[in-house]
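Since the structure comes first, as structure tokens, the remarks are kept for the end.
Protein chains: 2
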Amino acid sequence: MKAPARPIRRATLHHSAVEELRAMILDGELPPGVRVPEVQLCEQLGISRTPLREALRVLSSEGLVELRPHRGAIVAPVDPGEIGAIFEVMDALERLAGTLACRNGSDAEFAKLDRMHDQLVTQHEAGERAAYFLTNRQIHTQIVAMARNPALEATYAGFAAKILRARSLANYDTGRWQESVDEHEGFMKAFRRRDAEEAGALLADHSRRTAVAVIQALRPAAAQGEKTAAGAEPMDAG
Amino acid sequence: MKAPARPIRRATLHHSAVEELRAMILDGELPPGVRVPEVQLCEQLGISRTPLREALRVLSSEGLVELRPHRGAIVAPVDPGEIGAIFEVMDALERLAGTLACRNGSDAEFAKLDRMHDQLVTQHEAGERAAYFLTNRQIHTQIVAMARNPALEATYAGFAAKILRARSLANYDTGRWQESVDEHEGFMKAFRRRDAEEAGALLADHSRRTAVAVIQALRPAAAQGEKTAAGAEPMDAG
DNA sequence: CCGTGCCAAATTGTATACAATATTATAAAC
DNA sequence: GTTTATAATATTGTATACAATTTGGCACGG
Chain A
43 MKAPARPIRR ATLHHSAVEE LRAMILDGEL PPGVRVPEVQ LCEQLGISRT
93 PLREALRVLS SEGLVELRPH RGAIVAPVDP GEIGAIFEVM DALERLAGTL
143 ACRNGSDAEF AKLDRMHDQL VTQHEAGERA AYFLTNRQIH TQIVAMARNP
193 ALEATYAGFA AKILRARSLA NYDTGRWQES VDEHEGFMKA FRRRDAEEAG
243 ALLADHSRRT AVAVIQALRP AAAQGEKTAA GAEPMDAG
Chain B
43 MKAPARPIRR ATLHHSAVEE LRAMILDGEL PPGVRVPEVQ LCEQLGISRT
93 PLREALRVLS SEGLVELRPH RGAIVAPVDP GEIGAIFEVM DALERLAGTL
143 ACRNGSDAEF AKLDRMHDQL VTQHEAGERA AYFLTNRQIH TQIVAMARNP
193 ALEATYAGFA AKILRARSLA NYDTGRWQES VDEHEGFMKA FRRRDAEEAG
243 ALLADHSRRT AVAVIQALRP AAAQGEKTAA GAEPMDAG
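Going down the list, the protein sequences come from chains A and B.
My numbering applies: residue 43 is where the first sequence begins, and numbers increase by one.
My numbering applies: residue 43 is where the second sequence begins, and numbers increase by one.
Dropping the structure here:
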């Protein structure tokens, strides 16, 4: 007897809850800093507290939620300093992904990457901002997938999620748009030559420049207090 | 009223359970592949199923435990391929750590690093293998701490844990010992010069060579079946 | 003799009830 | 009026009870 490589279904409530909550956090439906009352979310998701709490522990482990014992959970605030640190690691991961992708990617995958890049350029020219950002993410995800490294893929995904959250609430400079497309053009040239070192270096550079822009855009929106779902808390009187 | 920066006690049962179980897994007390029956561990830890299950979910998120819905949890097997992938990422992280440590470390920290290195050499000459490995880990942890990057620190710790597990059950080649000390000597020279690039490169190289040795030692011990969780004594911690 | 379908036991998944802690409101003292 | 102590409330942490699913065994049919 052999265990099937892919389980038919792995639907447990806490697992679904993790995905649901993560999506809610990344979509901004649960903004950074808000308290996460258990009972309220329970009836909202139609589940009991037990699976919800298990989901919160997982999300805390991922860094999307902060657990304060006996004081409730909050959606993790977006700290510019932390985002800066994440980007420093991300640079290294992008470089690694670019290098490994050149080494391990198939021709079919490179062709697909080319098509995605064409789509990106088209969307840029058409000014379709939302579509552009989606394609942009897909391209980077594709590069990471071509690296053939599950550990890299998982780590990358975790950081990408946090960065996505930072970008969305910073909605950052449009002036960077053209620059970003040019950089994409640059590392795509390296990819077409299968130049691993160059591709990695350009990807890292692209990440670094993105970091600068995002963090700069993030600075004004620095004050991340603890908010309640209804409204701000009246804290200081005088 | 002021909130203390460090909570006096953050003792919740599930949090303690996470640390306890993680230690048990890393110490080899719970070897890879063994089933983790909830009720048995409950009475062993003196807690109820609820906090234990929350702990299992967290450890699953960290990759130390595999959850199979309705079929119980097992300690994550050590897959040589996965370890290889982890090491690929680890190389990049070591390089980054070395570079950042040169940039951000204080003189006091570099002095401490020097002392730790002296201790390492002494322990090598004395043939104190266990003490050597401990100091070795402390050195690398210190370098990462000097990088001043919490995201790097957390990611590094997660991978280091998995690698530690692989090393312990591979108990790998003694012939590599001398080589490893020489490599330490090498990147320490770069550190003394605060040569960020060189230090990073040598650390990455050190990591890569370690990977080769560990994976090679791991190959014989490949077959990782599902064992039952009896209180099996660790074979020999040489 | 081997394969298939069904039934029983065990273990996990979920819900609910109870206990402990933090927060807020209240009131008394200075 | 401000501050501090105390009690009430609400929310989280834990334990237990119930439901669902998998696993192993057994009978039946081929």
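Yeah, the Cβ is synthetic: ideal placement off N, Cα and C, and Gly gets one too.
Please read these numbers as outputs of a predicted model, since none were measured by experiment.
Annotation: Cβ neighbours of S103(A) in chain B (cutoff 7 Å, chain order): V100, S103 and E104.
A241(B) is positioned such that its CB atom lies closer than 8 Å to that of F229(B).
Taking the C-beta atoms as reference points, E130(A) is found no nearer than 8 Å to A118(A). The Cβ neighbour count for Q165(B), taken over all protein chains shown within 10 Å, is at least 16; the residue is labelled buried. Judged by their CB atoms, R171(B) and G114(B) are not nearer to each other than the 8 Å cut-off. I128(B) is the residue among H57(B), I67(B), A173(B) and I128(B) whose C-alpha sits nearest the C-alpha of S249(B). At least one C-beta of chain B is nearer than 8 Å to the C-beta of L135(A). Legend: CB atoms of the region 170–200 of chain A lying less than 7 Å from CB atoms of chain B belong to residues N191, P192, A193, L194 and T197. A contact is defined here as three or more CB-CB pairs under 8 Å, and the region 149–163 of chain A fails this definition with respect to the region 214–222 of chain A.
Any Cβ of chain A closer than 8 Å to the Cβ of I128(B) would place that residue at the interface, and such an atom is present. Residue environment for K204(B): buried (at least 16 other C-beta atoms within 10 angstroms of its C-beta). Think of a sphere of 9 Å around the beta carbon of L138(A): the chain B residues whose beta carbon falls inside it are E130, V131, D133 and A134, in chain order.
Bounds of the beta strand (DSSP E) holding R110(B) are V107 to R110.
Taking the C-beta atoms as reference points, P73(A) is found no nearer than 8 Å to I257(A). Minimum Cα-Cα distance from R261(B) among the listed residues S222(B), A212(B) and L194(B) corresponds to A212(B).
Pairwise C-beta distances place the region 131–139 of chain A out of contact with the region 92–104 of chain A, as fewer than three of them are shorter than 8 Å. Secondary structure at A115(A): strand, using DSSP grouped into helix, strand and coil. Look at V254(B) here: in three-state DSSP terms it is helix. Looking at the DSSP output, R77(A) shares a beta bridge with I116(A).
Taken in chain order, the members of the region 54–81 of chain A whose beta-carbon sits within less than 8 Å of a beta-carbon on chain B are T54, H56 and H57.
For R95(A), at least one C-beta of chain B is nearer than 8 Å to its own C-beta.
Note that the C-beta distance between A139(B) and V186(B) is below 8 Å. Proximity of T92(B) to chain A, defined by a Cβ-Cβ separation below 8 Å, is satisfied. Annotation: the region 156–209 of chain A contains the following complete segments of the alpha helix (DSSP H) (minimum length 4 residues), in chain order: 171–188.
The shortest C-alpha to C-alpha distance from H112(A) to any of K231(B), G147(B) and H57(B) is the one to H57(B). For E124(B), the chain A residues whose C-beta falls within less than 8 Å of its own C-beta are P192 and A193, listed in chain order.
Counting only the Cα atoms, R209(B) lies some 18 Å from G169(B). Taking a 10 Å sphere around the C-beta of V60(A), we find 16 or more other C-beta atoms and assign the residue as buried.
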